[in-house]
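The structure under discussion appears below in the form of structure tokens.
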Amino acid sequence: MAIEDRLPRWRFARQTWGMRVAAQALLTALVLLASSLIAQGPYKVGARYEAFINPTSSGSSLLYSSVYYPATTDGYQAPIVKRTGGHPVLVFLHGFGAVGQMYPELAFDWARA
């Protein structure tokens, strides 16, 4: 008889949820570590902070975002680096109960690359 057959269902479900949380935390840590090990790219990083109107009736009326991009100088609203064909766009949604302020280093690394 397997151990999960001897445990109450709620206890097994809690253990499974705990393993999922631990696996997600490990994956997040690995992604952050890998991004910090990437060589610094050639660009400086500009930043803008935007608020968009939420067209749905759920949640707050404004959706706040931070935009990081390759720039000619570091800083807020710095001029973007012009490049033939433009730059790739990456949208990162933190999710999983986290807040966006936990990931600026990751965004800087992506914008520099």
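In terms of this note's numbering, the sequence shown is numbered consecutively and its last residue is 540. Glycine residues also receive a C-beta, built at the ideal position from the N, C-alpha and C atoms.
{"Check": "What does DSSP give as the partner residues of residue 474 in its beta bridges?", "Outcome": "495 and 503"}
{"Check": "Tell me the rounded alpha-carbon separation between residue 470 and residue 443.", "Outcome": "43 Å"}
{"Check": "Using only alpha-carbon positions, find the residue among 485, 472 and 511 that is nearest to residue 499.", "Outcome": "472"}
{"Check": "Which residues in the same chain have their Cβ closer than 8 Å to the Cβ of residue 458, if we skip the five residues on either side of it in sequence?", "Outcome": "533"}
{"Check": "By Cβ distance, which residues of its chain are closer than 7 Å to residue 527, with the 5 residues on each side in sequence left out?", "Outcome": "493 and 521"}
{"Check": "Cβ-heavy atom distance between residue 494 and the ligand FAD below 7 Å?", "Outcome": "Although the ligand FAD was asked about, the structure shown includes no ligands whatsoever."}
{"Check": "Thinking C-alpha only, which one of 445, 450 and 455 is nearest residue 525?", "Outcome": "455"}
{"Check": "Going by C-alpha to C-alpha distance, which of 495, 511, 529 and 512 sits closest to residue 518?", "Outcome": "495"}
{"Check": "Based on DSSP bridge pairs, tell me the residues matched to residue 517.", "Outcome": "Answer is none; residue 517 lacks a bridge partner."}
{"Check": "Where residue 501 and residue 489 are concerned, what is the direct C-alpha to C-alpha distance, given to the nearest angstrom?", "Outcome": "27 Å"}
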